[in-house]
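Participant: Got a structure for you, questions after.
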Amino acid sequence: MASGPRIVKKDSDGFVEISMGSAEKALEDKKSAAEIAPEEVGERFVRGELREVHKPKIVSARDMPHQDAVQAHREAASRDILPVTAGPQNPIIMTQDEREKASEMARRIYEEKETEKEKHPVHRFKKLLGLR
Amino acid sequence: MAQYDVYIDEAAVRKAERQFRDAAKSGNEAMGLLLGNVFRNKDAEFVYAKEYITAPNDSTSVSVRFTRQAFSELSGKIRGRGIIVAWAHSHPGYGCFMSSTDLATQHRYFPEKFHFALVMDPTRREGSAMLKRAFRLKDGGYEDVSFAVVRKRG
Numbered sequence: 117m118a119s120g121p122r123i124v125k126k127d128s129d130g131f132v133e134i135s136m137g138s139a140e141k142a143l144e145d146k147k148s149a150a151e152i153a154p155e156e157v158g159e160r161f162v163r164g165e166l167r168e169v170h171k172p173k174i175v176s177a178r179d180m181p182h183q184d185a186v187q188a189h190r191e192a193a194s195r196d197i198l199p200v201t202a203g204p205q206n207p208i209i210m211t212q213d214e215r216e217k218a219s220e221m222a223r224r225i226y227e228e229k230e231t232e233k234e235k236h237p238v239h240r241f242k243k244l245l246g247l248r
Numbered sequence: 715m716a717q718y719d720v721y722i723d724e725a726a727v728r729k730a731e732r733q734f735r736d737a738a739k740s741g742n743e744a745m746g747l748l749l750g751n752v753f754r755n756k757d758a759e760f761v762y763a764k765e766y767i768t769a770p771n772d773s774t775s776v777s778v779r780f781t782r783q784a785f786s787e788l789s790g791k792i793r794g795r796g797i798i799v800a801w802a803h804s805h806p807g808y809g810c811f812m813s814s815t816d817l818a819t820q821h822r823y824f825p826e827k828f829h830f831a832l833v834m835d836p837t838r839r840e841g842s843a844m845l846k847r848a849f850r851l852k853d854g855g856y857e858d859v860s861f862a863v864v865r866k867r868g
C-alpha cells in the first residue's frame, strides 16, 4: 500500500526511523542497500548539530603530477602547515627518516606550545586551584 | 540524501582526541576502533560511528599497533555495540594522510565499502579543532571522505 513519508520509530538516543513511501519501494531500497553493506541498513538519518564538518576540497596538489604532490606534502610536513594529499591514485609514501624528522619537529613544536600555555596566568591560576 | 559520507558522534571524537593528545605528549602514535552502523536515508548510504573504543597500544613516534592482550579486551567491548566501521590513529606531527603501511592495514582489515580510516594529527589544529581527516579505499588507492561530527540535541 502506498503512503507518504512518516516517522516509524523514534529511539532514546536520537535516531528517527522514517518510511519514505510505499512498502514495495522500501523493500527494494533495503535490498539494494543490503548489497552494498550487509550490516544494519535502514531508512534512518542522524539528527543533531553538525560540527567540524569536512568535505574534500579540490586542491592544486590533487592535479599535480605524483612526484610534485609528494614533494609538496613533504615540505608541508616539515613546516607544520596543513598537509596536502596526492589524491586517491597516488598515495604518499614517507620514508621512515622523514616521518621521524617530522615527528621530532612536531614534538618540539608541541612542547613549545605547552610551555607557552603554562606561562599563561589563567593556566597558573587553574593549577593553583588544582583544576589542572 | 545524506549530506556527508560519515557522521561521528562528538563524544567518540573527543575520547579519541584525548587519547591521541596524551600519546603525543610522549611523541607517540595511538589507535583505536570506531563502532557504529551503516544507515540509509532515501538513496544515500552513510556511516554513523557512535562509539570509540581502545585497548593498550604498542607504539612509537612512527608506528602503532594493539598489544596481543588488547584483542580480548577489544572483543569484550565490541560485543553488542554495533560493528567496527573504522579504525582511528594519530600522526603526531606529520599530517593526515594514508601511509603505505596504513593502506596495507586498510586493505587487510577494513576492506568493506563502508569501512573508513580516521587519521588525526594532535599537534595541528583546524579552526579550534584537532586536525582530522577520514579516508577509505578506492580503485587501488584511497579517497578523502566527507564527514561531520554530530552533537546530539537534547
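Listed in order, the protein sequences are those of chains A and B. Under our numbering, the first residue of the first sequence is numbered 117, with each subsequent residue one higher. Under our numbering, the first residue of the second sequence is numbered 715, with each subsequent residue one higher. Glycine included, every Cβ here is placed at the ideal spot set by N, Cα and C.
#1: Residues in the region 748–759 of chain B with C-beta within 7 Å of chain A's C-beta atoms, listed in sequence order?
#2: So what does DSSP say about B:A800, is it helix, strand or coil?
#3: Is the beta carbon of B:D719 less than 8 Å from the beta carbon of B:F811?
#4: Using the rule of at least 16 other Cβ atoms within 10 Å of the residue's Cβ for burial, across every protein chain shown, is B:T837 buried or exposed?
#5: Along the region 761–793 of chain B, where does the CB come closer than 7 Å to a CB of chain A? Name the residues.
#6: Could you tell me the alpha carbon to alpha carbon distance between B:A738 and B:M745, rounded to whole angstroms?
#7: Kindly list the residues whose CB is nearer than 6 Å to the CB of B:P721, restricted to its own chain and excluding five residues on each side of it in sequence; keep chain order.
#8: Whole angstroms is fine: what's the gap from B:D772's alpha carbon to B:V778's?
#9: Taking the beta carbon of B:E818 as the centre, do at least 16 other beta carbons fall within 10 Å, making it buried, or is it exposed?
#10: Closer than 6 Å by C-beta to B:A781: which residues in its own chain qualify, once you throw out the five before and the five after it? Chain order, please.
#11: Quick one: grab the DSSP three-state call for B:H829.
#12: Please list the partners that A:S166 has in chain B, where partner means a Cβ-to-Cβ separation under 9 Å.
#13: Shorter than 8 Å from the beta carbon of B:A730 to some beta carbon of chain A?
#14: Alpha helix (DSSP H) containing B:S789: first to last residue?
#15: For A:E216, go through chain B and note every residue whose CB falls closer than 8 Å to its CB, in chain order.
#16: Roughly how many angstroms lie between the CA atoms of B:V799 and B:S789, to the nearest whole one?
#17: Please classify B:G854 as buried or exposed, where buried requires at least 16 neighbouring CB atoms within 10 angstroms.
Facilitator: On the basis of the coordinates in this document:
#1: Identification of residues in the region 748–759 of chain B having a C-beta nearer than 7 Å to some C-beta of chain A yields N751, V752, F753, R754, N755, K756, E759, given in sequence order.
#2: In the three-state scheme derived from DSSP, where H, G and I count as helix and E and B as strand, B:A800 is classed as strand.
#3: no
#4: buried
#5: For the region 761–793 of chain B, which is checked against every Cβ of chain A, the residues closer than 7 Å are Y762, S775, V776.
#6: 12 Å
#7: It is worth fixing the name first, because residue 721 of chain B is Tyr in this sequence and not Pro. Taken in chain order, the residues that qualify are Y762, A862, V864.
#8: A straight line joining the alpha-carbon of B:D772 with that of B:V778 spans about 6 Å.
#9: Inspection of the sequence shows that residue 818 of chain B is occupied by Ala rather than by Glu. The residue in question, B:A818, is exposed, as its Cβ has fewer than 16 Cβ neighbours within 10 Å.
#10: For the record, residue 781 of chain B in the displayed sequence is Thr; it is not Ala. Excluding residues within five positions, the ones whose Cβ falls inside 6 Å are P770, D772.
#11: coil
#12: Correcting the residue type first, residue 166 of chain A is Leu in the shown sequence and not Ser. Residues of chain B with a Cβ closer than 9 Å to the Cβ of A:L166 are, in chain order, Q717, Y718, Y721, A862, V863, V864, R865.
#13: With 8 Å as the cut-off, B:A730 does not count as an interface residue toward chain A.
#14: 784–792
#15: S775, V776
#16: Each residue's alpha carbon lies about 14 Å from the other.
#17: exposed
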